[in-house]
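Here numbering that gives the first Met the number 0 is used: position 75 in the sequence shown is 74, and no number is missing along the way. Virtual Cβ for every residue (Gly too), placed ideally from N, Cα, C. Contents: one structure, followed by commentary.
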Amino acid sequence: MKTRQLIVQCEGGLHLRVAAQIVKAAQRHQAQVHLRCAGCPRANACSVFELLKLGAAPGTPLEIVAEGPDEDAALRALEELFGGGAGI
């Protein structure tokens with residue numbers, strides 16, 4: 000199991016489009032991926048509904064937890080979304 004700490008940078012927070020991008024990235028890998036923020040239960044990164052329930056506003060720190068054969072690749076893919084062109 001590996002973790003990363005990332006910050007929601009998207010102006011609208013973690014909204015539907017962003018959640019769909021996270022789900023798409025997480026589903027490409029053989030790993031269980033979850034996101035957590037302070038005071039929230041963890042959310043399965045393959046569930047748009049669970050991600051939206053986080054209610055992560057801009058500036059919210061998130062912990063991403065991945066476990067499985069592709070955990071490194073899954074974390075890299077999500078880091079690219081958060082830090083790259085997607086602007087999450």
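Give the straight-line distance between the Cα atoms of leucine 34 and glutamate 10, rounded to the nearest whole angstrom.
Position 35 of the sequence shown, counted from the first residue, corresponds to residue 34. Position 11 of the sequence shown, counted from the first residue, corresponds to residue 10. Taking the straight line joining both Cα atoms gives about 19 Å.
Test item: CB-CB of alanine 73 and histidine 28 under 8 Å
The sequence position of residue 73 within the sequence shown is 74, counting from 1. The sequence position of residue 28 within the sequence shown is 29, counting from 1. It is a contact, given that the beta carbons lie within the stated cut-off.
Glutamine 20 lies in the alpha helix (DSSP H); which residues open and close that run?
Along the sequence shown, read from residue 1 onward, the residue named residue 20 stands at position 21. First-last of the alpha helix (DSSP H) with glutamine 20: 15 to 26.
In the structure shown, what three-state DSSP assignment does alanine 7 receive?
Within the sequence shown, numbered from 1, the residue matching residue 7 stands at position 8. Checking the displayed sequence, the identity of residue 7 turns out to be valine instead of alanine. DSSP places valine 7 in coil when its eight states are reduced to three.
Does DSSP put arginine 41 in a helix, in a strand, or in coil?
Counted from its first residue, the sequence shown places residue 41 at position 42. In this structure, arginine 41 counts as coil in the three-state DSSP scheme.
Is it the case that the Cβ atoms of leucine 77 and isoleucine 21 are separated by a distance below 8 Å?
Numbered from its first residue, the sequence shown carries residue 77 at position 78. Numbered from its first residue, the sequence shown carries residue 21 at position 22. Going by C-beta atoms, leucine 77 is nearer than 8 Å to isoleucine 21.
Coarse secondary structure for alanine 73, derived from DSSP in three states
In the sequence shown, counting from the first residue as 1, residue 73 sits at position 74. Note: alanine 73 maps to helix in three-state DSSP.
Excluding the 5 residues preceding and the 5 following glycine 84 in the sequence, name in chain order all residues of the same chain whose CB lies nearer than 6 Å to its CB.
Here the question's residue 84 lines up with position 85 in the sequence shown. With a pLDDT of 48 at glycine 84, under the threshold of 50, the modelled position of that residue is not reliable, and the figure given next carries that caveat. Cβ within range, chain order: n/a, list empty.
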